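*Asks:* Questions regarding the structure given below will be posed in turn.
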Amino acid sequence: MIMNPFKWRSSTQALWISFLGPAIFMAGYFAFRGMAPFGSSSILTVDLGQQYIDLLAYLRTSLLHDPTQLLYSFNKGLGGNFYSDGSYYIFSPLNLLLLPVSNLYLPMGILGLTILRYGLASWSMAKALHMMHWQNGWPLLLFGFSYAFSGWMVANQLNVIWVDVMILLPLIVAGLERYLAGQRIWMYTLLLALAFICNYYMAYMVGLFLVLYMLWRTSWAPYGFTGRIKLWLKFAFGSLMSIGLSAFVWLPTAMTLTNSKGPHLLENVKNAVTYQPLDLWAKTFMGAFDFEQMKAGMPNIFVGSLILIVVCGFLTSREIRLSTRIMTFLITAFLILSMMYDPLNVIWHGLAYPVWYPYRFSFVFIFWLIWLSGSIWTPTWHLSRWQAWILLVLALAVSGWVAYRMHTYSFLNWYQFAAGLSCFLMILCLQYYVGTNRWWRWSLISFVLLELMANAVVTLNKFSYLSNNEYQNVVRILQDGRSLLNETKDQTFYRVTKNFERTKDDPLQVNYRGATVFSSMLEHQQSDIMAVLGQPEGDNYIDYTGSTALNDNLLGVKYLISQKNSEDDLPSVIPPTMQTDERYDWHPAPTIGKRGGAQLQVNQQALPVAFASNPAILNFTARPDDPMSNQNQLWQRMTGTDQPLLKSANFAGATGENVHAPITITGAVLTRQASKEPARLTLTYQTSATGPKYLTLGAAVNDDAANIDLDGTPQPPIPAHRHTMIYTLPDTGEAGSEHTITFILKQPNVWLQNVSLYELDRTALQEQSQKLQTQGLQTHVHQATKLSGKINIPQGETTLMSTIPAAPGWTLKVDGREVNTVKIANFFLGAVVAPGKHQVEYQYQVPLLHEGILISIGNLIFLLGMSWSESRNRRHSLHELPEDFME
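Residue numbering for the sequence shown is 0 to 886, as defined by this note's numbering.
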């Protein structure tokens, strides 16, 4: 029998509308914006399009084909613990709904999940207030919609990794209240544990907020000392149980954080207020957001006029205990101060200063305001005359300040200002002249919802979105490249590079070992080694674009994926912004396959993942900002040779246009002579029979300083780099053929830091690579967490070197016995092994994962036992009731 929804209780109807209302509205908005499947646009923007979608694709691939890749991944740069990445990015159970969706259509799947999350956020707040018996019926809509369409939620819909914890927060607090009131512990502990599983980072913020909440909670009534202690002990016990239940996630992650975030804790923290405090009022207007606010703006705290009015009413109401109002004011003030004072902000972010999105914890402030309002508001609640006057004067003062400062706000215009002020004054009037008729109720609902939905529309209209075709076209080429790799039936361990890049997480998107990644959980050692070898890198990314053939061989980079050549009459679908270093040194490499929009070339000299090396490698020490010397020294020590393969070369000439052409190029400073005229320096070099040419660029030669043309052809923007990087150069034509490098100045002065020319001895590299290949590991098994095979260690080559990153969790067994490992070049995993034939096995276990699982199981067993004991005691107490109890 199908129940008639119109016969449901008003609260049941309201809860359903709280869920369906925001979901339907947002579905309509996305359809109006033409987002796939409703049009040619997509929901992909900023981090969602540049990072999260690739991680979600990787989650899907791993769960369907090889779940061990969620423990460790060689797709994460050169290789790294992926379990910690999962705990930050993709462990939310909601992501399992994407399993049936193929990678090509993931934007549509994410769109559906985003719509679902809006509905769940509204329902969560409405359900929590209903459980508290604070709200019932249609008022639930006001608070649910306020939460779903708040400034934080709308501005961060693209940060899908954070939103689920915000959804859980109201239910966590409601569960805590039930537990403190003497009911079961399960709702609180399970939901808080789920928050840690979804995203430990945001759950940490929830944990800090819950401490503040308990301070407020214990101010409700005149508890005695013993009563307060009991409440705090219950809170501590329940919280510790939640932490214990989720130990299998956060404990291994904490270990990884010491390698990724550890070196950067308390970095760049200033003892200062980061903006004019009164400017925060501007963020209470609808749509007070733009792109710049994501990088270094103020917190997105819009909650709507009704919530602000009721919070002011809460603080000034004489019907509420004075101690409760004082505590409310203190907590509110502390949260506001945290959103502008750097040291407090950093504490909320786990002692690491956030890169972009500077006030991520502000969702707890939004929850706090709505929760306060929901605790006292009723359809008959109204403002007294003096409260209304206070709010009117405050509104005019705030409006005056915002109008005075309007010219400094890029995120606010006069239309938003007028609309926001009008909504506030109208809702203020409705809360002063409270009515009980249907007209008043619908007027209040209309103005509140209109303001909230307008905030969502105005905010989201300020985003620019990636077209669905642009995403799908490049992913198709990546998938074609992945198919070509499969067709090689190559069972060895190898890495892959490309000369284009949709994102730095392309290796995760289509599942290949790409030596490139962007991750907040990136181990700093990966950035360090890439800086040593001359690759672009940062605190949370490495980018294997420009390199040398020597470095390719060393790291086992065996294949290059590129878009098909122009002679295939295939239109270019890769935008110029996604093109990277052309890798001219790969042009002689044979093309072994073409498929769709991709072609595949092979490097026959790539080394295996492990090989016997000269013991001199153990003494390698890197030189800062000298990647060519570092590559030479690594290779010479590995092979036991004396001659460098990468040698400095001279430019054949230099000519300047509106700049003086320096005699010595390296370290010269170019100065624009006529400030309004174009300025450029053209360097000439000659092709040699020895091998390819390379250019090094210091950190001062970046995209802000100059553009580069090669042989008159504009090149992709210079990648961001903190250390000297390597750029490949054309070397076509007969020996002596001339080529040009043109620096087009974008600034008045440009320092040619470490701008030098090098050439590679390709013949010597080939001979030495072939020798190392013969003493390499013949892999029988290469999985995410296990590599094994046979190797023959020659006399005098007793160092077993691998290109596996040395990290906690790796063990090495030789002939079945575990051996001590050493770190080579402060990065690579190695060992000293006796000459002869050996069976070698590398095995990885996530550090502290087993311990975390045991702690979680132990806590679960303890809670089940405690629950069974309570149930048993309760049954016994019922059996022992007096006979006349029911009379």
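Glycine residues also receive a C-beta, built at the ideal position from the N, C-alpha and C atoms. What you are looking at is a predicted structure, and each value in this text was computed from that prediction instead of being measured.
For the putative contact between residue 86 and residue 252, defined by C-beta atoms under 8 Å, what is the C-beta separation to the nearest angstrom?
*Replies:* The residue labelled residue 86 in the question sits at position 87 within the sequence shown. The residue labelled residue 252 in the question sits at position 253 within the sequence shown. The pair is a contact, with the Cβ atoms about 5 Å apart (cut-off 8 Å).
*Asks:* Starting from residue 841, follow its DSSP beta bridges and name the residues at the other end.
*Replies:* Residue mapping note: residue 841 aligns to position 842 of the sequence shown, counting from 1. Beta-bridge pairing links residue 841 to 786 and 811.
*Asks:* Are the beta-carbon atoms belonging to residue 668 and residue 750 less than 8 Å from one another?
*Replies:* Indexing the sequence shown from 1 puts residue 668 at position 669. Indexing the sequence shown from 1 puts residue 750 at position 751. A contact, by the Cβ cut-off of 8 Å.
*Asks:* Name the two residues that bound the continuous beta strand (DSSP E) containing residue 804.
*Replies:* The residue given as residue 804 occupies position 805 in the sequence shown. Segment 798-804, the beta strand (DSSP E) holding residue 804.
*Asks:* Just to confirm, are residue 864 and residue 521 a CB contact at a threshold of 8 Å?
*Replies:* Working through the sequence shown from its first residue, we reach residue 864 at position 865. Working through the sequence shown from its first residue, we reach residue 521 at position 522. Taking 8 Å as the Cβ cut-off, residue 864 and residue 521 do not qualify as a contacting pair.
*Asks:* If residue 542 and residue 534 are in contact, beta carbons under 8 Å, what's the gap, nearest whole angstrom?
*Replies:* Numbered from 1 along the sequence shown, position 543 holds the residue referred to as residue 542. Numbered from 1 along the sequence shown, position 535 holds the residue referred to as residue 534. Contact flag correct, Cβ pair sits at about 6 Å.
*Asks:* What is the residue span of the beta strand (DSSP E) that residue 737 lies within?
*Replies:* Within the sequence shown, residue 737 is the residue found at index 738, counting from 1. Start and end: 737-744.
*Asks:* What span of residues does the alpha helix (DSSP H) with residue 87 cover, start to end?
*Replies:* As a position in the sequence shown, residue 87 is number 88, starting the count at 1. From DSSP, the alpha helix (DSSP H) with residue 87 extends over 82-88.
*Asks:* Going by the CB atoms, is the gap between residue 510 and residue 889 shorter than 8 Å?
*Replies:* Residue 889 is absent from the model: the chain starts at 0 and stops at 886.
*Asks:* Can you give the Cα-Cα distance for residue 41 and residue 477, rounded to whole angstroms?
*Replies:* Here residue 41 corresponds to residue number 42 of the sequence shown, with the count starting at 1. Here residue 477 corresponds to residue number 478 of the sequence shown, with the count starting at 1. Computed Cα separation, rounded: 19 Å.
*Asks:* Buried or exposed: where does residue 342 fall if 16 or more other Cβ atoms within 10 Å of its Cβ makes it buried?
*Replies:* Position 343 of the sequence shown, counting from 1, holds the residue named residue 342. Result: exposed.
*Asks:* Quick one, are the C-beta atoms of residue 837 and residue 803 less than 8 Å apart?
*Replies:* Along the sequence shown, read from residue 1 onward, the residue named residue 837 stands at position 838. Along the sequence shown, read from residue 1 onward, the residue named residue 803 stands at position 804. No, the pair does not count as a contact, with Cβ atoms beyond the cut-off.
*Asks:* Which partner residues does residue 34 have in the DSSP bridge list?
*Replies:* Within the sequence shown, residue 34 is the residue found at index 35, counting from 1. Answer by DSSP bridge pairing, in chain order: 40.
*Asks:* Nearer than 7 Å: is that true of the beta carbon of residue 525 relative to any heavy atom of the ligand FAD?
*Replies:* The ligand FAD is absent from the structure shown, which contains no ligands of any kind.
*Asks:* Unbroken beta strand (DSSP E) runs of length 3 or more, entirely within the stretch 660-728: which are they?
*Replies:* The qualifying runs are 668-670, 679-685, 692-696, 705-709 and 724-727.
*Asks:* Taking residue 686 as the reference, give the member of 108, 710, 769 and 303 with the closest Cα.
*Replies:* Taking the first residue of the sequence shown as 1, we reach residue 686 at position 687. For residue 686, the nearest C-alpha among the options comes from 710.
*Asks:* Is it buried or exposed for residue 748, if we count other Cβ within 10 angstroms and need 16 for buried?
*Replies:* As a working note, residue 748 is residue 749 in the sequence shown. Residue 748 is exposed by the Cβ-count criterion.
*Asks:* State yes or no: is the C-beta of residue 607 within less than 8 Å of the C-beta of residue 778?
*Replies:* Along the sequence shown, one-based indexing puts residue 607 at 608. Along the sequence shown, one-based indexing puts residue 778 at 779. A contact, by the Cβ cut-off of 8 Å.
*Asks:* How would you call residue 471, buried or exposed, if buried means at least 16 neighbouring beta carbons within 10 angstroms?
*Replies:* Along the sequence shown, one-based indexing puts residue 471 at 472. With 16 or more other Cβ atoms within 10 Å, it is buried.
*Asks:* Spatial neighbours of residue 638 within its chain, please: CB distance less than 6 Å, with the 5 preceding and 5 following residues excluded, ordered by chain position.
*Replies:* In the sequence shown, the residue the question calls residue 638 occupies position 639. Contacts found: 767.
*Asks:* Any contact of the stretch 672-682 with the stretch 712-727, i.e. 3+ C-beta pairs under 8 Å?
*Replies:* Short answer: they don't touch.
*Asks:* Span of the beta strand (DSSP E) holding residue 655?
*Replies:* Mapped onto the sequence shown, residue 655 falls at position 656. Segment 652-656, the beta strand (DSSP E) holding residue 655.
*Asks:* Just to confirm my understanding: we take residue 741, look at its own chain, exclude 5 residues before and 5 after, and list those with CB closer than 6 Å. What are they?
*Replies:* Residue numbering aside, residue 741 sits at position 742 when the sequence shown is read from its first letter. These residues qualify, in order along the chain: 679, 681 and 708.
*Asks:* Hey, could you find the ends of the alpha helix (DSSP H) residue 103 is sitting in?
*Replies:* Along the sequence shown, read from residue 1 onward, the residue named residue 103 stands at position 104. Element bounds for residue 103: n/a, residue is neither H nor E.
*Asks:* From the DSSP output, in three-state form, read off residue 427 for me.
*Replies:* Walking along the sequence shown from the start, residue 427 turns up at place 428. Correct three-state label for residue 427: helix.
*Asks:* Would residue 531 and residue 454 qualify as a contact pair, given that the criterion is a beta-carbon distance under 8 Å?
*Replies:* Within the sequence shown, residue 531 is the residue found at index 532, counting from 1. Within the sequence shown, residue 454 is the residue found at index 455, counting from 1. In this structure, residue 454 does not lie closer than 8 Å to residue 531 by Cβ.
*Asks:* State the beta-bridge partners of residue 781 as determined by DSSP.
*Replies:* Here residue 781 is taken as the residue at index 782 of the sequence shown, counted from 1. Answer by DSSP bridge pairing, in chain order: 786.
*Asks:* Among residues of its own chain, excluding the 5 on either side of residue 97, which ones have a beta-carbon nearer than 8 Å to its beta-carbon?
*Replies:* The sequence position of residue 97 within the sequence shown is 98, counting from 1. These residues qualify, in order along the chain: 55, 58, 59, 105, 108, 109 and 112.
*Asks:* Tell me which same chain residues have a C-beta within less than 8 Å of the C-beta of residue 416, skipping the five on either side of it?
*Replies:* For the purposes of this step, residue 416 is identified with residue 417 of the sequence shown, where counting begins at 1. Cβ neighbours of residue 416 beyond the five flanking positions: 284, 398, 401, 402 and 405.
*Asks:* Helix, strand or coil for residue 761? Go by DSSP, reduced to three states.
*Replies:* Taking the first residue of the sequence shown as 1, we reach residue 761 at position 762. Correct three-state label for residue 761: helix.
*Asks:* Tell me whether residue 409 sits in a helix, a strand or coil according to DSSP, three-state version.
*Replies:* By 1-based counting over the sequence shown, the position of residue 409 is 410. Residue state, collapsed to three classes: coil.
*Asks:* Below 8 Å between beta carbons: does that hold for residue 843 and residue 71?
*Replies:* Taking the first residue of the sequence shown as 1, we reach residue 843 at position 844. Taking the first residue of the sequence shown as 1, we reach residue 71 at position 72. It is a contact, given that the beta carbons lie within the stated cut-off.
*Asks:* DSSP on residue 511, reduced to helix/strand/coil?
*Replies:* As a working note, residue 511 is residue 512 in the sequence shown. Residue 511 falls in the coil class under three-state DSSP.
*Asks:* List the residues that DSSP assigns as beta-bridge partners of residue 612.
*Replies:* One-based indexing of the sequence shown puts residue 612 at position 613. The partner list for residue 612 (beta bridge, DSSP) reads 798.
*Asks:* Using 8 Å as the threshold, is the stretch 381-397 in touch with the stretch 320-338, meaning 3 or more CB pairs across them?
*Replies:* Touching, no.
*Asks:* Between residue 304 and residue 364, what straight-line distance do the alpha-carbon atoms span, to the nearest angstrom?
*Replies:* As a position in the sequence shown, residue 304 is number 305, starting the count at 1. As a position in the sequence shown, residue 364 is number 365, starting the count at 1. Rounded to whole angstroms, residue 304 to residue 364 spans 15 Å at the Cα level.
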